[in-house]
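Working notes, beginning with the structure itself.
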Amino acid sequence: MSEQLRPCPCGGKVKITEKRRGNYRREGSYFQGLCGRCHARGPLIQDSPEKATQAWNQHVGGMCAAPTAAAPTTVQIARAIWAIRRVDEDRCDMELEDMGMDHSVWREAQAVRALLAGRSATPKESK
Numbered sequence: 189m190s191e192q193l194r195p196c197p198c199g200g201k202v203k204i205t206e207k208r209r210g211n212y213r214r215e216g217s218y219f220q221g222l223c224g225r226c227h228a229r230g231p232l233i234q235d236s237p238e239k240a241t242q243a244w245n246q247h248v249g250g251m252c253a254a255p256t257a258a259a260p261t262t263v264q265i266a267r268a269i270w271a272i273r274r275v276d277e278d279r280c281d282m283e284l285e286d287m288g289m290d291h292s293v294w295r296e297a298q299a300v301r302a303l304l305a306g307r308s309a310t311p312k313e314s315k
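Quick note on this note's numbering: the sequence shown kicks off at 189 and runs consecutively.
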């Protein structure tokens, strides 16, 4: 039984395509995995579609062309919350860093970061 073709990390559907080539070096069909969403391509394999499937499955993580954004830091999230809170305020007063680490914005930023990481974001009561 042949190996199942793994999906692309971007979630796109992958298929094995066949390309016919003829040149001074090689002739025949070449097979390659191709993602329909991000257009990632596996290695060109001359032997068979099965070997192209194996090649795709071995390298699938490194070929995805979909951008993967790094998770924002707690400081970036806190600054975004601070900016939203201050939309209609005078920009000349205190900055977030001047407010101290016990300010509620920092707790909210930690809760948002936990949500983004898939963890529970139940805020703890401060004492």
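Where is the CB? At the ideal position from N, CA and C, for every residue including glycine.
Bear in mind that the values here come from a model prediction, so they are computed numbers and not experimental data.
Measuring C-alpha to C-alpha distances from Cys223 to each of Met287, Val202, Gln234 and Val300 identifies Val202 as the nearest.
Under DSSP, Val202 shares a beta bridge with Cys223.
Within its own chain, the residues whose Cβ lies closer than 8 angstroms to the Cβ of Ala259, once the five positions on either side in sequence are excluded, are Arg301, Leu304 and Ala305, listed in chain order.
Sequence-distant partners of His247 (beyond 5 residues in either direction) whose C-beta falls short of 8 angstroms from its own C-beta, in its chain, are Gly230 and Pro231.
The three-state secondary structure of Ser217, taken from DSSP, is strand.
Per DSSP, the beta-bridge partners of Arg208 are Ser217.
Inclusion of Trp244 and Gly216 in the CB contact set at 7 angstroms is not warranted, their separation being larger than that value. In the DSSP assignment, the residues bridged to Arg229 are Leu222.
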